[in-house]
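A.B. asks: Per this note's numbering, the very first residue in the sequence shown carries number 307; after that it's consecutive.
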Amino acid sequence: MLIVGGGPAGASAAIYSARKGIRTGIVADRFGGQVMDTMGIENFISVKATEGPKLAAQLEEHVKTYDVDIMDGQLAESLKAGGEYTEVTLKNGATVRGKTVLLATGARWRELNIPGEREYVGRGVAYCPHCDGPFFKGKPVAVIGGGNSGVEAAIDLAGIVKHVTLIEFQDELRADDVLQRKLRSLPNVDIITSAQTTEVNGDGNKVTSLTYKDRKTEELRQIDLDGVFVQIGLLPNTDWLKGSGVELTRFGEIEIDTHGRTSLPGVFAAGDVTTVPYKQIVIAMGEGSKAALAAFDHLIRTSAPTASDAA
Numbered sequence: 307m308l309i310v311g312g313g314p315a316g317a318s319a320a321i322y323s324a325r326k327g328i329r330t331g332i333v334a335d336r337f338g339g340q341v342m343d344t345m346g347i348e349n350f351i352s353v354k355a356t357e358g359p360k361l362a363a364q365l366e367e368h369v370k371t372y373d374v375d376i377m378d379g380q381l382a383e384s385l386k387a388g389g390e391y392t393e394v395t396l397k398n399g400a401t402v403r404g405k406t407v408l409l410a411t412g413a414r415w416r417e418l419n420i421p422g423e424r425e426y427v428g429r430g431v432a433y434c435p436h437c438d439g440p441f442f443k444g445k446p447v448a449v450i451g452g453g454n455s456g457v458e459a460a461i462d463l464a465g466i467v468k469h470v471t472l473i474e475f476q477d478e479l480r481a482d483d484v485l486q487r488k489l490r491s492l493p494n495v496d497i498i499t500s501a502q503t504t505e506v507n508g509d510g511n512k513v514t515s516l517t518y519k520d521r522k523t524e525e526l527r528q529i530d531l532d533g534v535f536v537q538i539g540l541l542p543n544t545d546w547l548k549g550s551g552v553e554l555t556r557f558g559e560i561e562i563d564t565h566g567r568t569s570l571p572g573v574f575a576a577g578d579v580t581t582v583p584y585k586q587i588v589i590a591m592g593e594g595s596k597a598a599l600a601a602f603d604h605l606i607r608t609s610a611p612t613a614s615d616a617a
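Right, here's the structure in full:
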């Protein structure tokens, strides 16, 4: 089994695969994936609190207790299915293959690409309200983005933080009406539309304010706050799969069934890169384990002798 991706889904898949006695390899850009960019984790069941880099190191250490070939620092460039093996070509020109391939390349948050954003990630700038919302209890924050994810994040955060300012670039929110009605019913939420976020400001240690431009008047305005939640979309890492035959949604997510099977026989997928809802570490781990078990089932069924061979 060849696993592409070394985040929570890929790591759990590797462990389950290796424990089944399958020769297993992992190709990963960096072990831990997006977890490496998450500072505080307090919703990983049975662990009261940890940090992303620490959890990533523990994942790698656990995988290494099994006979798993880890090819770290490698990016996948293309996938070719057909025949007994599915081949994955890497950016360095090498080709690896497996009788089953499990895609767990994850996703990345769409960024604003403005001054201060990258500088204050983990120090006030966040992308996951479920993960980081509790760190801002009793403090004022902003949510950037008026689609479903942004409005849902604002509703979620309003029950934790002191105040939420929702900022939307367009003239009106794009979220479903039922979500907008819920948001507008909350007493500690302000909504600003026709606003372009231009800068995240800080004191060198943490976020202190946010600057935005009123798109109608061109006036620059500033909001004092402690946190900025960027909710303008999630980008699945699937550009390299285009043209491979793996079916993707219009958002770029890999279409899978309840067993993690993709549109290609012998090719499975798990975690944030797929259509599974709620992009969470604990969910990705479960999905990785499930897809590995499904891949094992596929292997034993396709490698079984035919009735004539058995005779």
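Note that CB positions come from ideal geometry on N, CA and C, so glycine has one too.
Given that a residue counts as buried once 16 or more other Cβ atoms are within 10 Å of its Cβ, and exposed if not, what is N543?
C.D. replies: Here residue 543 is taken as the residue at index 237 of the sequence shown, counted from 1. So N543 ends up on the buried side.
A.B. asks: If you drop the 5 nearest sequence neighbours on each side, which residues of the same chain put their C-beta closer than 7 Å to that of Q502?
C.D. replies: Along the sequence shown, read from residue 1 onward, the residue named residue 502 stands at position 196. F475, Y518, K519, R521, listed in sequence order.
A.B. asks: Between D477, Y391, M342, which has its C-alpha nearest T499's C-alpha?
C.D. replies: In the sequence shown, counting from the first residue as 1, residue 499 sits at position 193. That would be D477, whose Cα lies nearest to the Cα of T499.
A.B. asks: Go through its chain and collect everything with a Cβ distance to P440's Cβ below 7 Å, but skip five positions before and after it.
C.D. replies: Along the sequence shown, read from residue 1 onward, the residue named residue 440 stands at position 134. Contacts found: E348, I466.
A.B. asks: M307 by DSSP, collapsed to three states: which one?
C.D. replies: Working through the sequence shown from its first residue, we reach residue 307 at position 1. In the three-state reduction of the DSSP assignment, M307 falls in the coil class.
A.B. asks: With 16 other CB atoms within 10 Å as the buried threshold, where does P314 fall?
C.D. replies: For the purposes of this step, residue 314 is taken as residue 8 along the sequence shown, with counting starting at 1. Taking a 10 Å sphere around the C-beta of P314, we find 16 or more other C-beta atoms and assign the residue as buried.
A.B. asks: Report whether the distance from the Cβ of V407 to the nearest heavy atom of the ligand SAH is below 7 Å.
C.D. replies: Ligands displayed in this structure: none; no statement on the ligand SAH is therefore possible.
A.B. asks: Looking only at its chain, what residues have a beta carbon closer than 6 Å to the beta carbon of S318, apart from the 5 residues adjacent to it on each side?
C.D. replies: Numbered from 1 along the sequence shown, position 12 holds the residue referred to as residue 318. The residues are M591, G594, S595.
A.B. asks: Note down the Cα distance separating T356 from V588, rounded to an integer number of angstroms.
C.D. replies: Along the sequence shown, one-based indexing puts residue 356 at 50. Along the sequence shown, one-based indexing puts residue 588 at 282. Each residue's Cα considered, the two are about 13 Å apart.
A.B. asks: Using only CA atoms, which one of K397, G389, H368, L385 lies nearest to G379?
C.D. replies: Sequence index remark: in the sequence shown, residue 379 carries index 73 (1-based). Ranking the options by Cα distance to G379, first place goes to K397.
A.B. asks: Less than 8 Å separating the beta-carbons of A597 and L308?
C.D. replies: Reading the sequence shown from its first residue, position 291 is the one you call residue 597. Reading the sequence shown from its first residue, position 2 is the one you call residue 308. It is not a contact, given that the beta carbons lie outside the stated cut-off.
A.B. asks: Which of the three DSSP states, helix, strand or coil, is assigned to P611?
C.D. replies: As a position in the sequence shown, residue 611 is number 305, starting the count at 1. In this structure, P611 counts as coil in the three-state DSSP scheme.
A.B. asks: What does DSSP give as the partner residue(s) for H604 in the beta ladder?
C.D. replies: On the sequence shown, residue 604 is found 298 positions in, with the first residue counted as 1. According to DSSP, H604 bridges with nothing at all.
A.B. asks: Closer than 8 Å is the cut-off here; do at least three beta carbon pairs connect the segment 371-388 with the segment 319-329?
C.D. replies: yes
A.B. asks: How close, in whole Å, do the beta carbons of V506 and G422 come, if the pair is a contact with beta carbons under 8 Å?
C.D. replies: Working through the sequence shown from its first residue, we reach residue 506 at position 200. Working through the sequence shown from its first residue, we reach residue 422 at position 116. With 8 Å as the limit, V506 and G422 qualify as a contact, their Cβ atoms being about 3 Å apart.
A.B. asks: Could you say if the segment 541-558 and the segment 411-422 meet the contact criterion of at least three C-beta pairs nearer than 8 Å?
C.D. replies: Counting C-beta pairs with one atom in each stretch, the segment 541-558 and the segment 411-422 have three or more that are closer than 8 Å, which means they touch.
A.B. asks: With a threshold of 6 Å on Cβ separation, who are the neighbours of Q486 within its own chain once the five nearest residues in sequence on each side are excluded?
C.D. replies: Along the sequence shown, read from residue 1 onward, the residue named residue 486 stands at position 180. Excluding sequence neighbours, Q486 sits near L479.
A.B. asks: Less than 6 Å between C-beta atoms, sequence neighbours within five positions excluded: which residues of the same chain meet that for T330?
C.D. replies: Residue numbering aside, residue 330 sits at position 24 when the sequence shown is read from its first letter. Closer than 6 Å at Cβ, skipping near neighbours: M307, A320, S323, A324, V374.
A.B. asks: Rounded to the nearest angstrom, what separates D509 and E425 at their Cα positions?
C.D. replies: The residue you call residue 509 lines up with position 203 of the sequence shown. The residue you call residue 425 lines up with position 119 of the sequence shown. Computed Cα separation, rounded: 11 Å.
A.B. asks: I need the DSSP call for H565, collapsed to helix, strand or coil.
C.D. replies: Here residue 565 refers to the residue found at position 259 of the sequence shown. Looking at H565 - three-state DSSP - the assignment turns out to be coil, as it is neither helix nor strand.
A.B. asks: DSSP state of L409, grouped into three classes?
C.D. replies: For the purposes of this step, residue 409 is taken as residue 103 along the sequence shown, with counting starting at 1. L409: strand per DSSP, three-state reduction.
A.B. asks: Where do the ends of the beta strand (DSSP E) carrying S384 lie?
C.D. replies: Your numbering for residue 384 matches position 78 in the sequence shown. For S384, the enclosing beta strand (DSSP E) covers residues 382-386.
A.B. asks: When you compare only the Cα positions, how much space is there between A616 and S609?
C.D. replies: Here residue 616 refers to the residue found at position 310 when the sequence shown is read from its first residue. Here residue 609 refers to the residue found at position 303 when the sequence shown is read from its first residue. Confidence in A616 is poor, its pLDDT being 49 and thus under 50, which makes the residue's placement too unreliable to answer from.
A.B. asks: Can you say whether F337 is buried or exposed, counting buried as having 16 or more other CB atoms within 10 angstroms of its CB?
C.D. replies: Stepping through the sequence shown from its first residue, residue 337 is reached at position 31. Around the C-beta of F337, 16 or more other C-beta atoms lie within 10 Å, and the residue is accordingly described as buried.
A.B. asks: Under the three-state reduction of DSSP, which class applies to P421: helix, strand or coil?
C.D. replies: Within the sequence shown, the letter at position 115 stands for residue 421. Coil at P421, not helix or strand.
A.B. asks: Quick check: L418 and V536, are their CB atoms within less than 8 Å of each other?
C.D. replies: The sequence position of residue 418 within the sequence shown is 112, counting from 1. The sequence position of residue 536 within the sequence shown is 230, counting from 1. Yes, the pair counts as a contact, with Cβ atoms nearer than the cut-off.
A.B. asks: Buried or exposed for G444, going by 16 or more other Cβ atoms inside 10 Å?
C.D. replies: Residue 444 sits at position 138 when you count from the first residue of the sequence shown. It counts as exposed.
A.B. asks: Given E366, which residues of its chain have a CB within under 6 Å of its CB, disregarding the five upstream and five downstream residues?
C.D. replies: Numbered from its first residue, the sequence shown carries residue 366 at position 60. Taken in chain order, the residues that qualify are F337.
A.B. asks: Where do the N-terminal and C-terminal ends of the beta strand (DSSP E) with I529 fall, by residue?
C.D. replies: Here residue 529 refers to the residue found at position 223 when the sequence shown is read from its first residue. Note, I529: beta strand (DSSP E), 526-530.
A.B. asks: Taking its Cβ as the centre, do 16 or more other Cβ atoms sit within 10 Å of T580, making it buried, or is it exposed?
C.D. replies: For this step, residue 580 is matched to residue 274 along the sequence shown. By the 10 Å Cβ count, T580 comes out buried.
A.B. asks: Only counting the same chain, and skipping five residues up and downstream in sequence, which positions put a Cβ closer than 6 Å to that of A432?
C.D. replies: Here residue 432 refers to the residue found at position 126 when the sequence shown is read from its first residue. The residues are D438, F535.
A.B. asks: Where does I332 sit, in a helix, a strand or coil, going by DSSP?
C.D. replies: For the purposes of this step, residue 332 is taken as residue 26 along the sequence shown, with counting starting at 1. Strand, per DSSP.
A.B. asks: Going by alpha carbons, who is nearest to F350 out of K585, I606, L599, E393?
C.D. replies: For the purposes of this step, residue 350 is taken as residue 44 along the sequence shown, with counting starting at 1. With distances taken between Cα atoms, F350 lies closest to K585.
A.B. asks: Indicate the three-state DSSP secondary structure (helix, strand or coil) for G428 in the structure shown.
C.D. replies: For this step, residue 428 is matched to residue 122 along the sequence shown. Correct three-state label for G428: coil.
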